[in-house]
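Numbering (the numbering used here), first residue to last: 175 to 390. Just so you know, even glycine gets a beta-carbon here, dropped at the ideal spot from N, CA and C.
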Amino acid sequence: MKKIKIGVLVSGRGSNLQAIIDNIGIGSLSAEIAVVISDQADAYSLERAKKHNISAVHVSAKGYKGKRDEYDVVLVKELQKHNVELVVLAGFMRIITPTLLNAFPNRVMNIHPALLPSFPGLHVQKAALEHGVRFSGCTVHFVDGGMDTGPIIIQAVVPILDNDTEDSLSARILKQEHTIYSRAIQLYAGGRLRIEGRRVLITGGKTASDEYLINP
Ligand code: GRF
175 MKKIKIGVLV
185 SGRGSNLQAI
195 IDNIGIGSLS
205 AEIAVVISDQ
215 ADAYSLERAK
225 KHNISAVHVS
235 AKGYKGKRDE
245 YDVVLVKELQ
255 KHNVELVVLA
265 GFMRIITPTL
275 LNAFPNRVMN
285 IHPALLPSFP
295 GLHVQKAALE
305 HGVRFSGCTV
315 HFVDGGMDTG
325 PIIIQAVVPI
335 LDNDTEDSLS
345 ARILKQEHTI
355 YSRAIQLYAG
365 GRLRIEGRRV
375 LITGGKTASD
385 EYLINP
């Protein structure tokens, strides 16, 4: 299968980036990371990229206060320079604008540590615990103009245990993130995702099963 060129946008530690690098390394993801871009100069993600000889670029947000569009023009230029086909947001802490979305229509993905549409936004593992839901998890979705609102590609469900803390729950969710993000990218790379309205249909896959989850 052809290797799809991805651009990964990050702001921090980059464990999802690392999982993508590792999955490419073991051959379970046919992609090439063309560039990693961070808005934070000291993001550990940039170190991870450099260690693997991946182009690592810091695009400072200084001077772009209130000018998100203009910042995104710089991002788009950088992504296009590296011939990026799919943009992967992995802990990128900025809201992206139509400037970027229009340059990559239906070609921007994000991962979120909750079962959307429940708990969009920040600090969502804490919010899920406080609400008392029995299940949380993570969601890979295409990015649209809203906050964590785009069409859902894959979700993984993580049960919430009585003795969970924000940290323990976050860690179990993160483990699933590391699996499903690469899986979603692989489906995209294989041309297997079809967006119909809000739904993302997976073509050429297994037939639907009627299994379900109950907790406890
Ligand atoms: C993850 O929890 C992801 O779901 C969220 O930001 C976090 C990034 O973590 N969007 P990392 O930088 O990939 O370790």
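| Query | Result |
| --- | --- |
| Endpoints, the alpha helix (DSSP H) within which Gly-311 is located | That residue, Gly-311, is in no alpha helix (DSSP H); its beta strand (DSSP E) goes 309 to 316. |
| Beta-carbon proximity of Ser-219 to Ser-212, cut-off 8 Å | yes |
| Which of helix, strand or coil DSSP assigns to Gly-199 | helix |
| Helix, strand or coil at Leu-348 [DSSP, three-state] | helix |
| Contact test: Ser-356 Cβ vs ligand 1 heavy atom, cutoff 7 Å | no |
| Whole-Å CB distance - Glu-259 paired with Arg-281, under 8 Å assumed | 7 Å |
| Same chain only: Cβ atoms within 6 Å of His-352, ignoring 5 sequence neighbours per side | Ala-193 |
| Leu-303 versus Leu-290: straight-line alpha-carbon distance, rounded | 15 Å |
| Limits of the unbroken beta strand (DSSP E) element including Lys-179 | 178 to 184 |
| Cut-off 6 Å between Cβ atoms - residues of its own chain near Leu-263, not counting five sequence neighbours on either side | Leu-183, Asn-284 |
| Closest Cα partner of Ile-228 within the set Val-210, Lys-236, Glu-385 | Val-210 |
| Chain D within 8 Å of Ile-354, Cβ atoms only | Structure shown: chain D not included; a single protein chain is present. |
| Option in Lys-349, Asp-318, Asp-322, Gly-324 with minimal Cα separation from Val-331 | Lys-349 |
| Start-to-end residues for the beta strand (DSSP E) that takes in Ser-234 | Per DSSP, Ser-234 belongs to no beta strand (DSSP E) and is neither H nor E. |
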